[in-house]
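Visitor: Residue numbering for the sequence shown follows the working numbering, beginning at 2 and increasing consecutively.
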Amino acid sequence: MWREIEPEARHVVEVDGYKVVAYSFGSGPETVFCLNGGPGLPCDYLREAHSCLIDKGYRVVAFDQLGTGASDRPTDKSLWTIGRYVEETETVRKALGLGKVHMLGHSWGGWLAIDYALTYPGNLKTLILEDTVADMPHLISELERLRAALGPETVAMMQKHEAQGTYNHPEYLAAVTILNYRHVCRLPEWPAPVRRSLDDWNMGPYETMQGPNEFLYIGNLKDWNRIPDLPKLAMPVLITAGEHDELTPACALRMKLALKDAELKVFANASHMPFYENPWDYYPALLDFLSRHRAS
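Have a look at this one:
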């Protein structure tokens with residue numbers, strides 16, 4: 002189960018002339034390389050949820066992507082592209098001498114992991130796609146379905162504020178809050194690592210790449226779709242999702258059907274963070290997958 006663990010090492014890596022900070026736990030021969038969601042979030046919430054894998058002999062590495070956490074925070078919007086983040090991820094992997102890794106991408110980190118895997122497939126032992134998607138237009142249609150459950154008047158209100166750009170209006174924020182507690186984390190009190198990441202959110206990368214909130218995609222990734230490319234990936238893939246996930250099980254199934262060697266786990270009583278919401282099912286599933294693909 003997750004717990005907060007002090008990293009054994011803190012690394013500073015130069016990326017495009019900026020400082021990126023990475024964290025390493027354990028020293029096992031198999032490395033789980035974590036790419037957290039956002040964009041714009043520090044890695045705390047995903048790092049603290051997976052550092053416990055050291056108990057099973059894995060090394061765990063995570064990093065604050067450029068623009069987040071302890072890493073530098075430039076304001077140049079041209080930096081906020083998935084292609085640049087792919088190269089940043091490869092720079093961190095090489096700088097830390099990680100070799101071939103089990104790459105674990107959550108949410109936006111899953112989109113990043115998919116593009117990384119398509120660019121550098123030889124660097125991965127396995128690919129773990131958690132609560133993520135490979136087809137943004139399909140996700141947008143799924144989010145419309147989730148929003149519709151709020152009722153037509155609430156949806157009309159949200160659409161009015163989106164048309165006006167008044168995303169900070171109290172009634173709009175109230176609707177988004179309900180959706181967050183239904184589809185992002187269903188726990189009444191969100192864990193401290195989640196709160197820490199959210200309280201330090203850099204909205205610059207987020208708004209440029211995604212949009213103003215979790216349920217409106219208008220950034221430079223709104224048309225991103227890698228479903229046609231997924232058959233190129235030959236490594237074993239684990240796909241996970243919560244039954245109430247904002248990045249829905251239908252999105253997860255779309256990836257599974259496109260991949261050559263993929264298995265899908267949907268966790269009951271969970272939404273976008275099964276590692277916190279249903280750890281009793283999440284960790285056994287993850288550890289079973291990893292154990293079956295360890296080097297002999």
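Built from N, CA and C at the ideal position, the CB exists for glycine as well.
Short check: CB of residue 67 to CB of residue 16, under 9 angstroms?
Guide: Yes, the pair counts as a contact, with Cβ atoms nearer than the cut-off.
Visitor: Whole angstroms is fine: what's the gap from residue 25's alpha carbon to residue 283's?
Guide: For residue 25 and residue 283, the distance between alpha carbons rounds to 22 angstroms.
Visitor: Out of curiosity, what's the CA-to-CA distance linking residue 52 and residue 164?
Guide: Rounded to whole angstroms, residue 52 to residue 164 spans 42 angstroms at the Cα level.
Visitor: Could you name the residues of the same chain whose beta carbon sits closer than 7 angstroms to that of residue 57, not counting the 5 residues immediately before and after it, in chain order?
Guide: Correct list, in chain order: 288.
Visitor: Counting Cβ pairs, one atom from each stretch, are 3 or more of them under 8 angstroms apart for the region 133-152 and the region 264-281?
Guide: Too few Cβ pairs lie closer than 8 angstroms, so no.
Visitor: Give the C-beta separation of residue 228 and residue 259 to the nearest angstrom, bearing in mind that I take them to be a contact with Cβ-Cβ under 8 angstroms.
Guide: Residue 228 to residue 259, Cβ: 5 angstroms. Contact.
Visitor: Only counting the same chain, and skipping five residues up and downstream in sequence, which positions put a Cβ closer than 6 angstroms to that of residue 271?
Guide: If we look at residue 271 and ignore the five residues flanking it on each side, its Cβ neighbours are 243, 278 and 279.
Visitor: When you compare the CB positions of residue 249 and residue 147, do they come within less than 9 angstroms of one another, or not?
Guide: Yes, they are a contact pair.
Visitor: Using a Cβ-Cβ cutoff of less than 8 angstroms, which residues in the same chain neighbour residue 263 once the five nearest sequence positions on both sides are dropped?
Guide: Taken in chain order, the residues that qualify are 237, 238, 239, 240, 256 and 257.
Visitor: Have a look at residue 298 and residue 6 and give me their C-alpha separation to the nearest angstrom.
Guide: With the chain running from 2 to 297 in the structure shown, residue 298 is simply not present.
Visitor: Between which two residues does the beta strand (DSSP E) harbouring residue 104 extend?
Guide: Per DSSP, residue 104 belongs to the beta strand (DSSP E) from 102-107.
Visitor: Could you please give the first and the last residue of the uninterrupted beta strand (DSSP E) stretch that includes residue 19?
Guide: Start and end: 19-26.
Visitor: Excluding the 5 residues flanking residue 162 on each side, which residues of the same chain have their C-beta closer than 7 angstroms to its C-beta?
Guide: Cβ neighbours of residue 162 beyond the five flanking positions: 168, 170 and 173.
Visitor: Under the three-state reduction of DSSP, which class applies to residue 263: helix, strand or coil?
Guide: In the structure shown, residue 263 sits in a strand (DSSP, three-state: E or B).
Visitor: Give the single residue among 183, 10, 28 and 268 whose Cα lies nearest to the Cα of residue 144.
Guide: The candidate whose alpha carbon is nearest that of residue 144 is 183.
Visitor: In its own chain, which residues sit with a C-beta less than 7 angstroms from the C-beta of residue 13, not counting the 5 before and 5 after it?
Guide: Closer than 7 angstroms at the Cβ level, and outside the excluded window around residue 13, lie 20 and 22.
Visitor: Are the beta-carbon atoms of residue 36 and residue 90 separated by less than 9 angstroms?
Guide: Yes, they are a contact pair.
Visitor: Quick one: what's residue 12 bridged to in DSSP?
Guide: Per DSSP, 23.
Visitor: In this structure, does DSSP put residue 83 in helix, strand or coil?
Guide: It is helical.
Visitor: In this structure, does DSSP put residue 7 in helix, strand or coil?
Guide: Coil, per DSSP.
Visitor: Sort 142, 218, 197 and 115 by Cα distance to residue 87 and report the nearest one.
Guide: Residue 115 is the option with its Cα nearest to residue 87.
Visitor: Where does residue 223 sit, in a helix, a strand or coil, going by DSSP?
Guide: Correct three-state label for residue 223: coil.
Visitor: By a C-beta neighbour count over all protein chains shown, 10 Å radius and 16 as the cutoff for buried, is residue 103 buried or exposed?
Guide: It is buried - the Cβ of residue 103 has at least 16 other Cβ atoms within 10 Å.
Visitor: Report buried or exposed for residue 204, applying the criterion of at least 16 other Cβ atoms within 10 angstroms of its Cβ.
Guide: Looking at its Cβ environment, which holds fewer than 16 other Cβ atoms inside 10 Å, residue 204 is exposed.
Visitor: Taking residue 199 as part of the alpha helix (DSSP H), name the residues at either end of that continuous run.
Guide: Per DSSP, residue 199 belongs to the alpha helix (DSSP H) from 193-200.
Visitor: What is the DSSP secondary structure of residue 268, counted as helix, strand or coil?
Guide: Looking at residue 268 - three-state DSSP - the assignment turns out to be strand.
Visitor: Where are the alpha helix (DSSP H) runs, 4 residues long or more, that stay fully inside the region 124-192, in chain order?
Guide: Qualifying alpha helix (DSSP H) stretches, in chain order: 137-149, 153-165 and 171-184.
Visitor: With H, G and I counted as helix, E and B as strand and the rest as coil, what does DSSP make of residue 1?
Guide: Outside the shown range of the chain, which is 2 to 297, sits residue 1, and nothing can be said about it.
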